[in-house]
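Everything below concerns the one structure shown next.
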Amino acid sequence: MNRIIAIILLLAIQLPLMSQWASVAYFQVNRNYIAKNLCENRDKPKLNCNGQCYLAKKLKAAEDKEQKSNSQRLEKMPEIQLTCQAFSRLTFEVSLSDVSEDHFPAASMSVQSSLHLPFHPPRHC
689 MNRIIAIILL LAIQLPLMSQ WASVAYFQVN RNYIAKNLCE NRDKPKLNCN
739 GQCYLAKKLK AAEDKEQKSN SQRLEKMPEI QLTCQAFSRL TFEVSLSDVS
789 EDHFPAASMS VQSSLHLPFH PPRHC
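Numbering-wise (our numbering), the sequence shown opens with residue 689 and increments by one.
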């Protein structure tokens, strides 16, 4: 059952890609009819068009239709805006007065960093 669902989904995804192949297959099957009745150059046998103008027109129409549907999809897509507020300076204070003075002396550190400056990794000695 899962295999059947997977095949159906795969075919549904590939369907838009098959539209041009369907036009070419239709042209190959009905080449004589197209050359005699639908070809724009049927009155000019020296050109040896044999309906290829009809095929080119159909392929161009399919491509235009695909581009139009893609542009419509992009127009309907919601716009997402991401914003980030830049902070010029951050200040951190760490107080280590709770640690016993035998091992660590009481210290007060103040760290200031500027986010607008590029990050430089620490240098190895």
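C-beta: ideal position from N, C-alpha, C; glycine also. None of the values given here were measured: they were computed from a predicted structure.
Use the C-beta contact count for residue i: other C-beta atoms within 10 angstroms, 16 or more gives buried, fewer gives exposed.
i, result
"L762", "exposed"
"F715", "buried"
"L743", "buried"
Under the three-state reduction of DSSP, which class applies to residue i: helix, strand or coil?
i, result
"K676", "The first residue shown for the chain is 689 and the last is 813, placing residue 676 beyond what the model contains."
"L805", "coil"
"D731", "coil"
"L726", "helix"
"Q769", "coil"
"M689", "coil"
"N720", "helix"
"R678", "Nothing about residue 678 can be read from this structure; the chain reaches only from 689 to 813."
So, for residue i: in the same chain, excluding its five sequence neighbours on each side, which residues have a beta-carbon less than 8 Å away from its beta-carbon?
i, result
"C737", "A723, C727, E728, N729 and R730"
Given residue i, which residues of its chain have a CB within under 7 Å of its CB, disregarding the five upstream and five downstream residues?
i, result
"L747", "Q708 and S711"
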